[in-house]
Amino acid sequence: MLTATNRFGLSLAIPSGIKKTIREQSGFGCVICGIGIWEYEHVDPEWINCEFHDPSNMTLLCQECHSKKAKGMISIKAIRDSMLNPFTKRPSFYNKFFNFNTDPLEITFAGHTFHNCKVPIKVDGFPLIEILPPERSGYSIRLSGSFCDSDGGMSLYIIKNEWRAFSEKWHVEVAGHKIIIRGKQGLIHLIIVAAPPNGILIERIRMNYGEWTFDGNIDDLTVNGSILSEISNRNSDTGFSFNTDRDCKVNCVNSRI
Ligand SMILES: [Zn+2]
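Heads up: the sequence shown begins at 236 in the numbering used here, then just goes up one per residue.
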């Protein structure tokens, strides 16, 4: 895939070592408000006018604060002040989503509890949702997911908390101990509830992938219109795993539909 470059030949792709420096210096969250799902931001100058990915000019901003910066509702000075004193590094900061340790996670979803689970749903070997412990103890869990719009095209990727939306219609809300991801017209695609120190509850999931349609809540998971039942394997880092067979019939390798 081609990656855009600016007039100085600087790629939009930021080297992983520089990304790690930015995450560390920003406290693994938006420097303004602390939300743990964010974008890498070149503050001033913006990327289009940068010759280098310079960490001293870069930070983490959530979708909301990024949008406010673009509209001039947050000043460059306010962002620079927060870069010196990131929200999640302030002594008064407390957020249940930043209160996990690095032990294995236990994910509760659709009537089942998966211990040491990283991937609640996997399809044809592809993790549709992945949840990892924090990169650094005391900070946010790491969430990855691929979300389709109603036309079936992937239009939102979250990769270890980095927000990569290809349209404006996606929205993330962190309300107390919940992360809520909404798509077009406010439709909820994912609700994750934190139960520190190691519990995660998936309260709602609505996702499409290829031939598969998933609709789940605390009690049930409906796959292509049928309610899933009888999990036989609970001891892997994957919760529900599905494979499409040669006839393109759907089946679940660790359950029966
Ligand atoms: Zn923010």
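Where a beta carbon is used, it is the ideal one built from N, C-alpha and C, also for glycine.
* To do: Using 7 angstroms as the cut-off, classify the Cβ of Ile257 as near or not near the heavy atoms of ligand 1, replying yes or no.
  => no
* Pull up the distance between the alpha-carbon of Thr348 and that of Ser327, whole angstroms please. => 33 angstroms
* Asked: Around the Cβ of Ala410, are there at least 16 other Cβ atoms within 10 angstroms (buried) or fewer (exposed)?
  -> exposed
* Asked: Are the Cβ atoms of Gly269 and Thr323 separated by less than 8 angstroms?
  -> yes
* Where Thr238 and Gly373 are concerned, what is the direct C-alpha to C-alpha distance, given to the nearest angstrom? -> 34 angstroms
* Asked: Helix, strand or coil: how does DSSP classify Met308 here?
  -> coil
* **Between the CA atoms of Ile453 and Tyr444 - distance to the nearest angstrom** => 21 angstroms
* **Residue-chain proximity (Thr238, chain B), Cβ-Cβ < 8 angstroms** => Checking the listed chains, one finds no chain B in this structure; it contains a single protein chain.
* With hydrogens ignored, establish whether the beta-carbon of Cys265 is closer than 7 angstroms to any heavy atom of ligand 1. => yes
* Asked: When you compare only the Cα positions, how much space is there between Thr473 and Lys353?
  -> 6 angstroms
* If we count Cβ pairs, one from each stretch, closer than 8 angstroms, do we get three or more for the region 252 to 269 versus the region 314 to 323? -> yes
* What is the rounded straight-line gap between the Cα of Ser461 and the Cα of Glu341? -> 25 angstroms
* Closer than 6 angstroms by C-beta to Arg209: which residues in its own chain qualify, once you throw out the five before and the five after it? Chain order, please. => Missing from the structure shown is residue 209; the chain here goes from 236 to 492 and no further.
* Tell me, which residues are paired with Trp273 by DSSP? -> Glu397
* Asked: Between the C-alpha atoms of Leu367 and Ile283, what's the straight-line distance to the nearest angstrom?
  -> 33 angstroms
* To do: Can you have a look at Ala429 and say buried or exposed, based on whether 16 or more other CB atoms are within 10 angstroms of its CB?
  => buried
* Exposed or buried, Ser467, counting other C-beta atoms within 10 Å across all chains shown (16 or more means buried)? -> Confidence at Ser467 is low in this model, with a pLDDT of 49, below 50, so its placement is unreliable and the value that follows should be read with caution. It counts as exposed.
* Would you check if the distance between the CB atom of Glu370 and the CB atom of Arg242 is smaller than 8 angstroms? => no
* Beta carbon of Arg377, beta carbon of Asn351: below 8 angstroms? -> no
* **Length of the line joining the Cα atoms of Gly360 and His277** => 35 angstroms
* To do: Please list, in chain order, all residues of the same chain as Ile311 whose beta carbon is under 7 angstroms from its beta carbon, the five residues on each side excluded.
  => Val278, Asp279
* **From Leu295, Glu281, Glu365, Pro250, residue whose alpha carbon lies closest to that of Glu274** => Leu295
* DSSP beta-bridge partners of Tyr374 -> For Tyr374, which the question treats as bridged, DSSP gives no partner whatsoever.
* **Spatially closest choice to Asn292 from Asp316, Pro355, His406, by CA coordinates** => Asp316
* Nearest CA to the CA of Ile364: which residue from Asn459, His406, Pro290, Ile416? -> Ile416
* **Straight-line gap, Trp398 to Asn433 (C-alpha atoms, nearest Å)** => 23 angstroms
* **Three-state class that DSSP yields for Thr496 in the structure shown** => With the chain represented from 236 up to 492, any question about residue 496 goes unanswered, as that position is not in the structure.
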